[in-house]
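What follows is a set of notes on a single structure, which appears directly below.
There are 2 protein chains.
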Amino acid sequence: MSASNGRSGLTVMVLGADGYIGWPMAMHLSRLGHRVVAVDNLARRRWDREGGTYSLVPLRSMGQRVRRWEAVTGNQIVWRRADLRNAPAVNALFQEFRPHALVHFAEQRSAPFSMVDRRHAELTQVNNLVGTLNLLFAIRDQVPDCHLIKLGTMGEYGTPNIDIEEGYIDIEHNGRRDRLPFPKVPGSFYHLSKVHDSNNIHFATRAWGVRATDLNQGVVYGFETDDTVLHPDLNTRFDFDSIWGTALNRFCVQAAVGQPLTVYGKGGQTRGFLDIRDTMACITLALENPADRGECRVFNQFTEQFSVLQLAELIAKGRKAHGLDTTIAHVPNPRIELEEHYYNAKHQHLLDLGLQPHLLADTLLDSVIAMVEKRSDKVDAVLLEQPSVSWKTGGNEVWDRYSTHKTAGPPRAVRGEEAPQKAR
Amino acid sequence: MSASNGRSGLTVMVLGADGYIGWPMAMHLSRLGHRVVAVDNLARRRWDREGGTYSLVPLRSMGQRVRRWEAVTGNQIVWRRADLRNAPAVNALFQEFRPHALVHFAEQRSAPFSMVDRRHAELTQVNNLVGTLNLLFAIRDQVPDCHLIKLGTMGEYGTPNIDIEEGYIDIEHNGRRDRLPFPKVPGSFYHLSKVHDSNNIHFATRAWGVRATDLNQGVVYGFETDDTVLHPDLNTRFDFDSIWGTALNRFCVQAAVGQPLTVYGKGGQTRGFLDIRDTMACITLALENPADRGECRVFNQFTEQFSVLQLAELIAKGRKAHGLDTTIAHVPNPRIELEEHYYNAKHQHLLDLGLQPHLLADTLLDSVIAMVEKRSDKVDAVLLEQPSVSWKTGGNEVWDRYSTHKTAGPPRAVRGEEAPQKAR
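Respectively, the protein sequence lines represent chains H and U.
Residues -4 to 419 in our numbering are what the first sequence lists, from first letter to last.
Residues -4 to 419 in our numbering are what the second sequence lists, from first letter to last.
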C-alpha cells in the first residue's frame, strides 16, 4: 500500500472529526469516495458543558450525524470515539484501519482557553503534544507510508517585520547560506503548542522518513459546505463567545443583538482568512498530492488578509446591504499583540496545486449574517461580554461568568449536547 | 525585594540540585554567600535504578551531602524534595522562599533516553514542559521579579550551514529587516523538549514581563570543582554508559578498560564544550548580572569546539602523556545527524561578562583520565556495548540489556543509590 496510490479510495482518519472543520471534512472526503474513519474524544462538547458555551447552530451527536450522512448520501463514515493521548487506543486504530493518511484536527484550538490559567495552559500543551507524538510513533511503527496532514495555524509565525514564507526561509548570513525553518514567535500557549507539534513533526520526517504536510491555516469563517446544507442534522458548529468564537463570528452576533462590534485596541491586527469551503479544498489537495517520504511540506492555508478593523467594516457594509445598522467600538485589548504592524504572508503553494478561492465579502452576505440574524434570539449575551480572557492575568473571571450563567442558557438542543457515549 | 539588588545574599532555588551540575552549582552559590534552596525529585537516581546505570564516582544522598557541606564549610543549603510537575508543590516553594532567582536544571537531559521508545519520548517532553510551565506561572503569580536562569543546550540549534548566533538573528528579507529567534533544528525528542521550553519562556517574557536567561550550554566535562574536592561525600556524578554519559566520558572509560574508543560514524560531528568549573562561573555571571524585566536573554555557554574524532584524538594524546595506549574505532552511527558539517557558534556574551575559560586538554590530563584509570575495576563493560539507542528504531534492546544486567553490577555504594526519602 502506498499513500500516493491514487486520487480516491484512500483510507483517511479524520482526527477531531466532531469539531468545527473536522465534521465537514469527514463528509467532504466521504463524498469524494475516500474511506473515512472519524475519530474524536468529544472533548470540545465537554468544554462547552463545563464552560457554558454553545454553538449557535444546533448540533447532532456524532452517531446521529453519520447515520444521517448514510441516509442522505448512501456513503458510510466509520465513527470511533477515542482519545489520542491514549497510545494503545491510537495503535488499535492504526491496526484496524491501516490509514493512507491522517487529517489531524484533534487539538485544543482556542488561544483564550489556553490563557485562562495554568491548568488550561498545561491541558492545551500536553493534550496537543502527546496526541501528536502518539500519532508519529504509530506511523513509524505501523504504517510508515502514512501521510500526516496536520492543521497548524498562521499564528505560529506571529507578526514579523518581514514577509512570512511558507515554513522555510533562505537565510544568507556572514557570507554563507542555508534554508531553515521560518522563525516563529507565537502569541499564546495554544499557538505555542502548535509550534511544539510542528517541531516534533519536522523531526519525525528527518529521523524516520515520515511524510508530513503542515497546513498553517488562517482564520476560517463560514459554516456551510456542499455537505452541511444537505440536512440540518449535518450542521457544523458556529461559535460566537469570546473563548471559542473568532472575532468575525463574534462581530456578526454582536451586530445581530444590537451591540457594537468590539474591536480589540486599534484593530490593526492583521491575519489571514479563508472560507470553510476552501479549507475543504486545501486539505483535499494536500491529501491527493501527498508529501514525499521524509518531506515536511508546509503550506500557508489562507486566501485573503484583513485587519480586525477591516473585518468590522466589512461586516457593517454587508449588513448595510441587508438594510441593517452596525456600530463599531474600540475596547482595551485583553491580548498581548501588536495592533499596528507589517503583515505579508505568502500563500502560493496551494494556489499552485489548483485552489480557487472564495471571497469573504460574498460568504458573509450569502450565509453568515443571514443565519445569525435569524437566530439572534438564541444568543446568550453574557457570552459576548468584554473584557475576555486577559493575556496578562488570565481568565478565571470569564470562565466563572460563563459557567455560572449556563443554567440560564439556551435549550439543550441548541447547547449542542449529546448523551455521553461509551469510551472505546 | 528586587532580583537585581546585589551580587550576593540572593535567595536562589537550584532546581535539579541532585544532578551532575545541579549539586556542584548549589555548593558554588552557597560558598559565594547566596541562600541556596536545593530542589530535586530524585528522578535521575530512579532512572539509574530502573535502567541499571550508575555514576563511576560514588554518590551520597542529598541529605548526607548538605550535612557534609555544612560540617565542612559552615554554610547551610536548604534541601527540599519536590517534583516540578506538581504545581501546588512549586507554589508552596515559592511562598516559603520567595526566590530572587531560579537556576533550572530540573529536566530529563539525555537524548538517547528520550529516543528509547514512545513512553520515554512522552516522559521527557511532558516532564520538561510541565515543570517549566509551572515555574513560569509561579513567577507570574507570586514573585514577578524572579530571574529564571534556564539551562538549555547548544543542541537546540542543530548544525545549520550558517554561523550560530546567540539566540537571535538579524534577517534581511525582500528589502525588510527583523531580529528574530534563531531557527532551530533539534536532533532528538530531548533536544526538542528544550526548544519547546525556550519558546514557552520567550512568550512569558513578552506577555508577562518575566526576566529570563536561556543558557544554551555545550557538552560539559569534568567532575571536580573547588567544592566537590573538599570531601568525598561532596562528589558529583560521572556517567559513562551510552545513555547518560557523554562521548567524552565514554571514551575515557573505554580506554581505561582496554577497549577502542567507539566514534559514531565519521566523527566529524562538531559541538561546543566547556569545563564544569566554567559552567559554575557562567551561571554565577548570569545570576549576578540579571536579565531585565521582559527580557529573554540568550547566551551560548561553551568555550571550545571539537569534533567527536578530535575528542578521541585528544584523549589518546592525554593518555599517551600518562604512558597509556589507546585505539580508536569507527562504528555505525545509531543517531540521525550530519557527520561532516559546518559549525561555527558564537559565544561572546559570557566572555563579555568576564568568563575566563579553562581548556579541555588540561582538565583531561589533570582529573578525568586519572580518576577513570583508578576506578576502571568498577566499570560494568555491558554499559559500554555498542550499538546504543537507535534514532530510527529506538532503544528497548539497550534498555533491556542494561536493566537485565544490573544485578551483576557494582556494589550499592558505587551504584549511587540512596534509601527512598519521604516526598515533600
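Where a beta carbon is used, it is the ideal one built from N, C-alpha and C, also for glycine.
Keep in mind it's a predicted model, so treat the numbers as computed, not measured.
* **DSSP beta-bridge partners of residue 295/H** => In the DSSP output, where bridge partners are listed per residue, residue 295/H has 211/H.
* Asked: Under the rule that 16 or more other beta-carbon atoms within 10 Å means buried, what is residue 351/U, buried or exposed?
  -> exposed
* At 3 residues or longer, and completely inside the region 33 to 69 of chain U: list those beta strand (DSSP E) runs for me, N to C. => For the region 33 to 69 of chain U, there is no continuous beta strand (DSSP E) assignment of 3+ residues that stays within its boundaries.
* **Runs of beta strand (DSSP E) wholly within the region 64 to 132 of chain U (minimum 3 residues, chain order)** => 72 to 76, 96 to 99
* To do: Classify residue 331/H as helix, strand or coil using the three-state DSSP reduction.
  => coil
* To do: To the nearest angstrom, report how far apart residue 83/U and residue 17/U are at their CA atoms.
  => Those two C-alpha atoms are separated by around 23 Å.
* What is the DSSP secondary structure of residue 164/U, reduced to helix, strand or coil? -> strand
* Please report how far the alpha carbon of residue 356/H lies from the alpha carbon of residue 309/H, in whole angstroms. => 7 Å
* For residue 117/H, decide whether its Cβ has a neighbour in chain B, counting only Cβ atoms nearer than 8 Å. => The structure shown contains no chain B; the protein chains it does contain are H and U.
* So the beta strand (DSSP E) residue 324/U belongs to, where does it begin and stop? -> 323 to 326
* Asked: What in chain U is Cβ-close to residue 171/H, meaning under 8 Å?
  -> 156, 157, 158, 337
* To do: Output the boundary residues of the alpha helix (DSSP H) element that contains residue 152/H.
  => No alpha helix (DSSP H) contains residue 152/H, which DSSP labels as neither H nor E.
* State yes or no: is the C-beta of residue 151/U within less than 8 Å of the C-beta of residue 181/U? => yes
* Asked: Cα separation between residue 266/H and residue 240/U?
  -> 47 Å
* What does a CB cutoff of less than 8 Å around residue 27/U pick up in its chain, not counting 5 residues either side in sequence? -> 3, 279
* DSSP on residue 142/U, reduced to helix/strand/coil? -> strand
* Is it right to say residue 165/U is buried, meaning 16 or more other beta carbons lie within 10 angstroms of its own, or is it exposed? -> In the assembly as shown, residue 165/U is an exposed residue. Its beta-carbon has fewer than 16 other beta-carbons within 10 Å.
* Looking at the C-beta of residue 261/H, does it have a partner C-beta in chain U at a distance below 8 Å? -> no
* Asked: Does any C-beta atom of chain U lie closer than 8 Å to the C-beta of residue 90/H?
  -> With a threshold of 8 Å between beta carbons, residue 90/H makes no contact with chain U.
* Asked: Looking at the unbroken alpha helix (DSSP H) that takes in residue 185/U, where does it start and where does it end?
  -> 184 to 203
* **Range of the contiguous alpha helix (DSSP H) that encloses residue 350/U** => Note, residue 350/U: premise wrong, no alpha helix (DSSP H); not H, not E.
* Taking the C-alpha atoms as reference points, what is the distance between residue 141/H and residue 134/H? -> 6 Å
* Asked: In whole angstroms, what separates the C-alpha of residue 171/H from that of residue 343/U?
  -> 20 Å
* **Buried or exposed (CB count within 10 angstroms, at least 16 for buried), residue 69/H** => Under the 10 Å beta carbon count, residue 69/H is surrounded by fewer than 16 other beta carbons and is classified as exposed.
* Any chain H beta carbon closer than 8 Å to residue 132/U -> In terms of beta-carbon proximity, residue 132/U lines the interface with chain H, with at least one pair separated by less than 8 Å.
* Asked: residue 363/U to residue 334/U, Cα distance in whole Å?
  -> In this model, residue 363/U and residue 334/U are separated by some 26 Å (Cα to Cα).
* Asked: To the nearest angstrom, how far is it from the Cα of residue 52/U to the Cα of residue 107/H?
  -> 50 Å
* Asked: For residue 177/H, which of helix, strand or coil comes out of DSSP?
  -> If DSSP states are grouped into helix, strand and coil, residue 177/H belongs with coil.
* To do: Could you give the DSSP three-state label for residue 249/U: helix, strand or coil?
  => helix
* Terminal residues of the beta strand (DSSP E) in which residue 266/U lies -> Element bounds for residue 266/U: 265 to 270.
* Asked: So, are the CB atoms of residue 379/H and residue 248/H less than 8 Å apart?
  -> For residue 379/H and residue 248/H, yes; Cβs fall inside 8 Å.
* Straight-line CA distance for residue 97/H to residue 224/H? -> 25 Å
* **Contact with chain U by residue 238/H, beta-carbon distance below 8 Å** => no
* Counting pairs of Cβ atoms below 8 Å between the region 45 to 59 of chain U and the region 257 to 272 of chain U, do you hit three or more? -> no
* Name the chain U residues that come within less than 8 Å of residue 378/H, Cβ to Cβ? -> Residues of chain U passing the Cβ test: none, with the nearest at roughly 24 Å.
* **Whole-number beta carbon distance between residue 242/H and residue 306/H, since they are thought to touch under 8 Å** => 6 Å
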